[in-house]
Amino acid sequence: MPVLETTRLILRELTLADAALVFELVNEPLWLQFIGDRGVRTLADAEGYIRKACLASYALHGFGLWLVRRRADGVSLGICGLLKRDTHPDIEIGFALLQRFHGQGYAAECAAATLNYARQALGLKRIAAIASPDNAVSIRLLEKLGLHFEKMFQLTPAAPELNLFAIDF
Ligand SMILES: CC(C)(COP(=O)(O)OP(=O)(O)OC[C@H]1O[C@@H](n2cnc3c(N)ncnc32)[C@H](O)[C@@H]1OP(=O)(O)O)[C@@H](O)C(=O)NCCC(=O)NCCS
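Going by the numbering used here, the first residue of the sequence shown is number 4, and it counts up by one from there.
Right, dumping it as structure tokens:
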């Protein structure tokens with residue numbers, strides 16, 4: 004069952020059958036650089052990540068990070084959706100696509116649809132995003148989506164400084 008559909012993309016909840024996509028995505032250089040090492044070394048680890056990061060969120064919040072599939076051929080491109088961390092008060096938008104699909108406007112397309120869904124279907128009044136200050140592509144995309152820089156902050160006292168972006172609807 005799709006959560007969201009756009010001209011070229013379908014977003015749906017991940018299942019454990021998406022472990023191969025997740026395994027590849029979270030081990031790509033840009034993910035490791037800008038999001039971090041999630042310690043996913045096997046397909047079983049990837050299933051564990053899906054359980055913790057996605058299935059638990061669907062059950063708790065009714066939203067989460069969704070699978071992004073290309074409508075034309077059903078190929079999985081990456082993930083995009085909404086997340087709520089225990090350590091931060093805002094609901095955030097998050098996205099990551101496999102590198103071979105970058106630069107074709109897919110992230111802009113699924114992220115814009117996700118923001119729309121957050122506002123219209125979920126009735127949320129604010130969406131944030133957390134980006135590493137050197138993640139220029141992601142920051143540019145967030146600004147294009149209408150989010151604005153609010154402040155530098157740290158998720159924990161020992162963690163690196165991050166940029167908080169947000170949009171108030
Ligand atoms: C952020 C990310 C999802 C963007 O994906 P994408 O599908 O390439 O994005 P889009 O094609 O929609 O492009 C968005 C903008 O970035 C630009 N862009 C995309 N890749 C680029 C690159 N390698 N270098 C420079 N600009 C780039 C696009 O031209 C576009 O800018 P424009 O509106 O001025 O044309 C992708 O880079 C990614 O998965 N990164 C790793 C994970 C990550 O950092 N996630 C965000 C954490 S906050």
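A virtual CB, placed ideally from N, CA and C, is assigned to each residue, including glycine.
Nearest-angstrom Cβ-Cβ length linking residue i and residue j, presumed shorter than 8 Å
| i | j | result |
| --- | --- | --- |
| Gly81 | Phe66 | Not a contact, Cβ separation roughly 17 Å. |
| Ile94 | Ile38 | The pair is not a contact, with the Cβ atoms about 18 Å apart (cut-off 8 Å). |
| Ile133 | Leu167 | 6 Å |
Residue i to residue j span [Cα, whole Å]
| i | j | result |
| --- | --- | --- |
| Gly106 | Glu31 | 16 Å |
| Val6 | Ala114 | 13 Å |
| Leu14 | Ala161 | 35 Å |
| Tyr120 | Asp171 | 14 Å |
| Glu112 | Phe152 | 21 Å |
| Gly77 | Glu164 | 38 Å |
| Leu199 | His91 | Residue 199 cannot be examined here, being either before or after the span of the chain that is shown, 4 to 172. |
| Trp69 | Ala62 | 13 Å |
| Leu86 | Leu12 | 20 Å |
| Thr117 | Gly126 | 12 Å |
| Leu150 | Leu144 | 9 Å |
| Thr10 | Ala47 | 33 Å |
| Glu146 | Thr45 | 35 Å |
Contact check, residue i vs residue j, beta carbons under 8 Å
| i | j | result |
| --- | --- | --- |
| Ile53 | Leu19 | yes |
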